[in-house]
Amino acid sequence: MAGEARDLKVQIKNVRMVFDTRNGEMVALNGVDLDIYENEFICVVGPSGCGKSTLLNIIAGLTQPTSGTVLCNGKEVTGTGTDRGVVFQQYALFPWLTVKKNVKFALEMRGIKGKEADEEAMKYLEKVDLVKFADHYPKELSGGMKQRVAIARAYAANPEVLLMDEPFGALDAQTRTQLQTELLDTWEKDRKTCFFITHDVDEAIILAQKVIIMSARPGRIKEMVDIDIPYPRTQETKMSPRFLELKNHIWSQVYQEYLEVRK
Amino acid sequence: MKTKKSQSRIPPALWLLISFLVAMGLWYLLSIIPVTSRAFPNAVVTIQGLAKMVERGVFWQDLSSSLISVFSGYALGFVIALPVAILMAWYLPVRNIIQPWIQFIRNIPPLAYVPLIVICAGVGRRPQIIVITIACFLIMCVTIYQGVINVDETLIKAARVLGADDKVIFVRVIAPATLPFIMTAVRLGASVALTTLIAAESVGAVAGLGMRIRSLNNSFDSAPMLAYVIIIGIVGMLLETIIQFLERKLTGWQEKREI
Ligand SMILES: Nc1ncnc2c1ncn2[C@@H]1O[C@H](COP(=O)(O)OP(=O)(O)OP(=O)(O)O)[C@@H](O)[C@H]1O
Ligand SMILES: [Mg+2]
Chain W
0 MAGEARDLKV
10 QIKNVRMVFD
20 TRNGEMVALN
30 GVDLDIYENE
40 FICVVGPSGC
50 GKSTLLNIIA
60 GLTQPTSGTV
70 LCNGKEVTGT
80 GTDRGVVFQQ
90 YALFPWLTVK
100 KNVKFALEMR
110 GIKGKEADEE
120 AMKYLEKVDL
130 VKFADHYPKE
140 LSGGMKQRVA
150 IARAYAANPE
160 VLLMDEPFGA
170 LDAQTRTQLQ
180 TELLDTWEKD
190 RKTCFFITHD
200 VDEAIILAQK
210 VIIMSARPGR
220 IKEMVDIDIP
230 YPRTQETKMS
240 PRFLELKNHI
250 WSQVYQEYLE
260 VRK
Chain V
0 MKTKKSQSRI
10 PPALWLLISF
20 LVAMGLWYLL
30 SIIPVTSRAF
40 PNAVVTIQGL
50 AKMVERGVFW
60 QDLSSSLISV
70 FSGYALGFVI
80 ALPVAILMAW
90 YLPVRNIIQP
100 WIQFIRNIPP
110 LAYVPLIVIC
120 AGVGRRPQII
130 VITIACFLIM
140 CVTIYQGVIN
150 VDETLIKAAR
160 VLGADDKVIF
170 VRVIAPATLP
180 FIMTAVRLGA
190 SVALTTLIAA
200 ESVGAVAGLG
210 MRIRSLNNSF
220 DSAPMLAYVI
230 IIGIVGMLLE
240 TIIQFLERKL
250 TGWQEKREI
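Chains as they are written, first to last, in numbering that gives the first Met the number 0: chain W, 0 to 262; chain V, 0 to 258.
This is the structure:
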C-alpha cells in the first residue's frame, strides 16, 4: 500500500449507508470498497436504485456514510472540498447568472476576482466552444449546451477528481455521443481523475479504463472490468470486436442485477 | 404567444384603446338605464363630482392619507415578513409555532378585527397602518416562505461543491433563487394592501379614499363616490404595472412556467 500511496487518489473503505425511511431502515450501500488511482477514468454501472448516486454523494462529501470512511489524498473526507468537483445530471446551473458568470462563480470561490476571472472564464468557455453564448442565460441554451457549461464550471473549480452523476443521461442520443467525444478528448489531454456514473453500457466502455458493476440493493461492487481498449478512442471503437465482447459481458451482468431488482 | 396569428395583427396599443372605448360605452349605457343610472352618473358628471371634491380641498388630503397608510403598512409588512419567512423555513420550532397562527389569522377578514385594533391604537392613522401591516405581513410571509423552502436542493449542492460556505450560499444562491417568490409576494401584498385599506378606514378615520366613500354614501352623492372608486382602481393598476416592470427587470432569467 505504502508504495502506491502516491498514486492513490480516493480510497473508499467498507462504506455502508443506511437510510431511515417510513418503512424502516433501508440499506442503500453495504460494504463498498474501492480504490481510485490518479489519472484514472472509472465508470460505474448498475440497476436503478442500487446506490450509485449515494456513493457519489459520499465521495463528494455531500452525504456522510453510516459507517466506513472515504479518504481523498490520504485525508478523511468529512464534507465537500474543492479537491472534488461534481457534475449533476440536471445541470444545476444558477439560472439567474449568465453562462460566463456561472463559470466565474467557480473561479471566485477559488479567490480569482475581477478582470482575471473574466479572462479565465472565457478560456474555460472556449474549451467547450460556448464563447458566443457567454452572455446568455441558461434558459436560452439547449440541454447539451447547459451540460457543457456545467462541465466548464466544474473544470474552472480546478478539482483533482471529477465526479459525474449521469451527466449525459437527459440528452438525446446524438448530443450524448458528441459530448462523450468532447469529454474523451479533454480527458486524453489532461487525464483528470474521473468517477462517472451511467446507465449506458456503451458510454461506460467508450470512456472508461475500468467499469465497476454494482449489484442490486443493497448496493455493493459486484465486478470490476478492465477496459483494455487503447486510447485514443472514437465512436468507431464501438464497432470493434473487443468492444462488443466487453459490452456483451457487462450488459449480461447488469441485466442479471436488473432481474434481481424485479424479483 | 397566447394570441393566435389572426388576432395579433392588431397592435396591443390599439387593443387597449378598443377595450377602453367598449368600457366607456358600457358606462354610458349604465348611466341611461334607469335602474343603474343613480349609482352610475355619466363620465362628465363623475369628473365634475371629482372636481368638486378637489375644490373642497378634501381630495388630495384623502388620496395622500390613503397612500401614506398603504405604503407604510405595506413596507412594514414586507420588512417583518422577510426575516420571519426565512426563520420559518430554516428553523423547525419557529415554523411549528408560527405557521398555524398565520393560517388562522389569514382566514379572518380584516374588517372583523379593525375595531379591536382601534380600541388599542386609538383613532387616526395608526390603526390603519397596523391593519394593513398585518394583512400584508401574512400574505407576504406565506409566499416568501414557500420560496425559501422550494429552493432547488441541487443548486445548493452545486454551490457547496464549488467551495461556497453558508454565507455565500445564502447571499448568492438562496437569495436570488427566492427572488421570484419575493416579487410575487410584493405583488400580492400590494393588492392586499389596497383591499385592506377600505377595511382599515372603516372605523375612526378622519380622511382617506375609503373613509370618504363611506361618508359620501350617507348623502347618496354618487358622482364623487364613483370617481373615488375609479381612483382606487387606477392606484391599484399603477402599482401592479410598476411591480410587473420590476419583476421583468429582476427575474427575467426565469424559465417561463407553463400555464
Ligand atoms: N435521502 C434519502 N432518504 C431515503 N432513501 C434514500 C435517500 N437517498 C437515496 N435513497 C434510497 O437509496 C437507494 C439508492 O439511491 P441512489 O439514488 O443512490 O440510486 P442510484 O443507483 O443512483 O439510482 P438511479 O440509477 O435511478 O439514479 C434508493 O432505493 C433510494 O430510494
Ligand atoms: Mg442516481
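Even glycine gets a Cβ: it sits at the ideal position worked out from N, Cα and C.
query                                                                                                                                                                                          : result
So, is Ile150 of chain W buried or exposed, given that buried needs 16 or more other C-beta atoms within 10 angstroms?                                                                         : buried
Between the C-alpha atoms of Trp252 of chain V and His135 of chain W, what's the straight-line distance to the nearest angstrom?                                                               : 9 Å
Quick one: list the residues of chain V neighbouring Lys122 of chain W, beta-carbon separation under 9 Å, in chain order.                                                                      : Within 9 Å Cβ-Cβ: nothing; Lys122 of chain W doesn't reach chain V, min ~17 Å.
How close, in whole Å, do the beta carbons of Val14 of chain W and Val69 of chain W come, if the pair is a contact with beta carbons under 8 Å?                                                : 7 Å
Kindly list the residues whose CB is nearer than 7 Å to the CB of Ile155 of chain V, restricted to its own chain and excluding five residues on each side of it in sequence; keep chain order. : Ile168 and Val172
If the criterion is Cβ atoms closer than 7 Å, does the pair Ala116 of chain W and Lys103 of chain W meet it?                                                                                   : yes
DSSP has Lys12 of chain W in a bridge; who is on the other side?                                                                                                                               : W:Thr68
Does DSSP put Phe167 of chain W in a helix, in a strand, or in coil?                                                                                                                           : coil
Do we get a CB-CB distance below 7 Å when we pair Ala116 of chain W with the residues of chain V?                                                                                              : no
At a Cβ threshold of 7 Å, is Thr81 of chain W touching chain V?                                                                                                                                : yes
What does the alpha-carbon distance come out to for the pair Ile138 of chain V and Asn95 of chain V?                                                                                           : 18 Å
Cβ closer than 8 Å: which chain V residues qualify as neighbours of Arg109 of chain W?                                                                                                         : Gly162
Do you know how far the Cα of Asp151 of chain V is from the Cα of Ala163 of chain V?                                                                                                           : 16 Å
Can you tell which of W:Arg190, W:Ile205, W:Leu96 and W:Lys237 has the C-alpha that lies nearest to the C-alpha of Val160 of chain W?                                                          : W:Arg190
Figure out for me which residue from W:His248, W:Asn38 and W:Gly48 has the closest Cα to the Cα of Met340 of chain W.                                                                          : Residue coverage of chain W in this structure runs from 0 to 262, which leaves residue 340 of chain W outside it and unanswerable.
May I ask whether a heavy atom of ligand 2 can be found less than 6 Å away from the beta carbon of Ser68 of chain V?                                                                           : no
Report the rounded CA-to-CA distance for Pro33 of chain V versus Val202 of chain V, giving the unit in angstroms.                                                                              : 33 Å
Under the rule that 16 or more other beta-carbon atoms within 10 Å means buried, what is Asp19 of chain W, buried or exposed?                                                                  : exposed
Can you confirm whether Lys8 of chain W, when its beta carbon is compared against all beta carbons of chain V, has any partner nearer than 7 Å?                                                : no
For Ile129 of chain V, I'd like the list of residues in its chain whose CB is within less than 7 Å of its CB, leaving aside the five on either flank, ordered along the chain.                 : Ile116 and Ala120
Quick check on this structure: which residue in V:Ser64, V:Leu249, V:Leu225 and V:Gly235 has the alpha carbon closest to the alpha carbon of Ala50 of chain V?                                 : V:Leu225
Show which residues of chain W have a CB atom less than 7 Å away from the CB atom of Glu254 of chain V.                                                                                        : Pro94 and Lys138
Whole angstroms are fine: how far does the CA of Leu20 of chain V sit from the CA of Pro11 of chain V?                                                                                         : 14 Å
Would the region 213–222 of chain W and the region 175–195 of chain W be scored as touching if the rule is three or more Cβ pairs under 8 Å?                                                   : no
Hey, would you say Tyr144 of chain V sits closer than 7 Å to Ala84 of chain V, going by beta carbons?                                                                                          : yes
So, are the CB atoms of Glu181 of chain W and Pro46 of chain W less than 7 Å apart?                                                                                                            : no
Taking all protein chains shown into account, decide if Phe219 of chain V is buried (16 or more other Cβ within 10 angstroms of its Cβ) or exposed.                                            : exposed
When DSSP labels each residue in this structure, what does Asp61 of chain V get in the three-state scheme?                                                                                     : helix
Report the rounded CA-to-CA distance for Val260 of chain W versus Ala203 of chain W, giving the unit in angstroms.                                                                             : 21 Å
State whether the region 174–193 of chain V contacts the region 59–77 of chain V, with contact taken as three or more CB pairs (one from each stretch) at a distance under 8 Å.                : yes
Tell me the rounded alpha-carbon separation between Gly168 of chain W and Trp14 of chain V.                                                                                                    : 46 Å
May I have the straight-line CA-CA distance separating Val297 of chain V from Lys246 of chain W, to the nearest angstrom?                                                                      : Here chain V comprises residues numbered 0 to 258, so residue 297 of chain V is not present and cannot be evaluated.
Spatial neighbours of Arg125 of chain V within its chain, please: C-beta separation below 7 Å, excluding the five flanking residues on both sides.                                             : none
Name, going along the chain, the residues of the region 155–184 of chain V whose beta-carbon falls closer than 8 Å to a beta-carbon of chain W.                                                : Lys156, Ala157, Ala158, Arg159, Val160, Leu161, Gly162, Ala163, Val167, Arg171, Val172, Pro175, Ala176 and Leu178
Which partner residues of Phe104 of chain W appear in the DSSP bridge assignment?                                                                                                              : DSSP output for Phe104 of chain W lists no bridge partner at all.
Alpha helix (DSSP H) containing Asn56 of chain W: first to last residue?                                                                                                                       : Lys51 to Ala59
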